[in-house]
Structure formats: C-alpha cells, structure tokens
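Numbering (the working numbering), first residue to last: 340 to 722.
Just so you know, even glycine gets a beta-carbon here, dropped at the ideal spot from N, CA and C.
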Amino acid sequence: MTVVADGQTGARVSAQLRVWPGVVFVIATALGLMLRAVYVGWSSGVPFDHLLHSHSHALYFGWAGLTILAAATDDLPTAQRWAWAALVLTLPMTVAFLLQGYAPASIAGSTLVMLAWYGAIWSWWRRRQEASCPAGMGVALAYVLVASAGIWVLAGVQATGRGDTIAADLAVHAFLSGFAWAMMIGAAALTERMGLIDPNSNRAAIGGWAAVAWILFPLGVVGGPEVPGLGWAARAGAILVLYPTWLWLRGAWDGAAADTHRLALRAAAASLAAAVAGLAAVAIFGSPLLSFVGRQGVVFYLHALLLGGVSTLLIRYLGDGLGEGLRRSLLFHVFGVGLMLAGIALLIGGLVLGAWLALAGAVAAWAAGLGWAWLIWHRQPSR
C-alpha cells in the first residue's frame, strides 16, 4: 500500500466548495450544544424538536453529505452546480426547521435540497466515466437514493393519517440509517483515496456494507426488531455487518500507522466499532434493549457512527496538507466526541453526571470545529 503524500488529496475536492462544509459543521454543532444543554436543565427557548430537526438535517446535508457529494462530483461542472445548489438550499431548510420544526415550510425546504441531490447524482451518473471520484463513491450515492425512499414512504404514511404509528417511525429511521451508511461508505472511499487503507480490504468492506446495511433501519425503532420478516432480516443483517466492519477496521488501523493523524484515525475506527457493536446487541436482545437505552441509545449510535467515525475521516480528508495545526484540532475533536459518548452512556444508566459530561464533550467538539474549519477556510487552494 502506498500512502499518498499529505497535501495531494485535498486538491481533488473543489477548492471553493470544500471550505463550506466546515462552516455548516460549526453552525449545526452550535445547535447541538443547545440540545445537550436541555439535559442539564438549561433552555434556549427554542422547542427541542425544532433544534433537533435543524441540527440533524444541516449535518446530514450540509456537512458530511456535502463533503462526499463535492468529492464525487469534482471535475464534473454540471454536477458541481447541483452540489452548490444543495449547499445554498441547506440554509433556508435549516432556518425553517429551527423556526417551525417539522412543518410545511421545512418539508418544502428539505424536499428542494433532496431534489438538488437527485440532480447531482443524475449528472454524476451520466458522466461517471469522466469522474475522478474514488472506488466505492458510486455505492455511497446509490445508498443516498435508497435512503431517500424513506422520505417518500413517510409522506405516504402521513397522507393516510397513520403518522404516529410504527410505520412512520420505520420510514424516518430508514432515511436516517440509510443516509448514515451512505456517508460511512463515502468516507471509506475517501480513506482509500488518501492511501490510508489497503484497497482490497476497503473494497471488500464496502461490498459487504452495501449488501446488508440497507436493512438495518428497524433496529432503531422499538418494536422494529420484532416486525415479522423485516425485523428478523434486520437482526441477521446486524450480525452479518460485523465481518465487513472487521475487515475495514483492521485495514484502517494498520493503514493509519504511518500517518501524522494516526491517533485520531484509530479513534474513528473505535467509534465505528462501538456503533456496530450496538447494532449487534440490539439484534440479539431486541426491543427490550431499545426500551432500556431509550432515545439516548439511538443518539449514542448515530454520534459514534457519524461524529466519531465519519466526521473524523472527513476532517482528515478536507484538512489534508495542514499538518500539525490539523493534528491538534483533530485530536481535540476526538477527545470531545469521546467525552460526549461517555456522558451519553452514563445518561443511559440514569446518571445525571452524564448530562454534564455530554455537554462538555459537545463544547469541546464544537471548539475543535472552530479550529479545523478556520484552517481549511484560510489556506490557499492547492490547485
């Protein structure tokens, strides 16, 4: 395996578009701080669900998703224009969710963002032979399409007046889980581009994830693991996904050995391992475990996968070439994530101290974001 020299891979993302995901990250995680503050008794005056939808949609579409979309569509001008449209539309969508929560204006805003993604993916597909995106990125984009089906199923369920049923919950989590795995697959593809994992291990892992990750969504909903047919398929998928995850973790652990950011990258691997271990536990114990861990259990899973795993890898990718400055920010990021996950775990156990630890970790991750986003914003384009 040949490690790509630090400074080469960042050039592959549009020099203009690549600075914006970090800005979105800082704004969206500031909303996350307000969410964590609720658990220690503080309130911003903004309804919790408004903050939650605004925070999550901005991070999905404007941070991790945008980084991957930009990398996939680099060197394809039409597709890049669609990616820019997705970025621009993320702002009114985020504001609408903040002001209204899940309401007509925010639904319209998120629909427009999704349509921009469709345009970018269609443009990429038509010109994919000319694209410079790494192996596996097409799988990530395909997973976005699969995940978006959850949105349209949800609309149908709500139209029938069954918006408060398990069917609606399953549709919501189908989007959350599918899009999360799209971002994990995209981040893995970019890890290979950086030369930080053996291509054979990476592609085998991506193939394994692609085969089973789409069926995992019932494991995030109480009652989901017991749904006839679907629930048992999800439980089997959670066991099967362990093997490709092991392949990726082993390859990434070894591949990071010579990298300046090896501690942070190995922390990302540990976060991914924690997330997948949680899925396996739900596969074994079913809804009683989901009922025990409650909302915080789902929060732990999504943050371990997306903030600890995906985000760490994407920060390393976008910050390629920033050297020691990025190393400090990235280490502080994984420290904050670790502290937050520890706090959430304590909250699951009913310990109030966990709320304060989770808030402190969120503050640390946000402060780290200020650092690495500033570095990315101010460096000169590498083209």
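Limits of the alpha helix (DSSP H) - the one that residue i falls within
i	result
alanine 552	That residue, alanine 552, is in no alpha helix (DSSP H); it is neither H nor E in DSSP.
serine 610	601-624
leucine 405	404-412
tyrosine 656	650-657
phenylalanine 674	662-687
arginine 465	443-465
glycine 570	569-579
DSSP-derived helix/strand/coil call for residue i
i	result
aspartate 598	coil
leucine 438	helix
valine 702	helix
threonine 499	coil
isoleucine 536	coil
tyrosine 640	helix
proline 386	coil
tryptophan 359	helix
serine 471	coil
glycine 380	coil
alanine 521	helix
valine 342	Low confidence applies here, because valine 342 scores a pLDDT of 43, under 50, leaving its location unreliable; read the following figure in that light. If DSSP states are grouped into helix, strand and coil, valine 342 belongs with coil.
glycine 477	helix
threonine 504	coil
alanine 354	coil
alanine 632	In the sequence under discussion, the amino acid at residue 632 is valine, which differs from the alanine named in the question. Helix at valine 632.
leucine 588	helix
glycine 708	helix
glutamine 347	Because the pLDDT at glutamine 347 is just 46, under 50, the model does not fix this residue reliably, and the value given afterwards should be weighed accordingly. Three-state result, glutamine 347: coil.
valine 566	coil
valine 511	helix
leucine 372	helix
valine 365	helix
Pick from the options that is closest to residue i, judged by C-alpha positions
i	options	result
alanine 528	Phe436, Pro567, Ala707, Ala591	Ala591
alanine 550	Asn539, Ala684, Ala479	Ala479
leucine 604	Val649, Ala481, Tyr441	Val649
arginine 465	Gln497, Leu661, Ala425, Pro416	Pro416
glycine 677	Gly489, Leu698, Leu690	Leu698
leucine 428	Asp413, Gln439, Tyr441, Leu405	Leu405
alanine 595	Ala612, Trp711, Asp537	Asp537
tryptophan 461	Leu484, Val691, Ile578	Leu484
isoleucine 366	Trp520, Trp695, Val434	Val434
leucine 398	Ala410, Ser382, Val362	Val362
valine 511	His396, Ala712, Gly700, Arg718	His396
glycine 576	Ala597, Arg589, Ala616	Ala616
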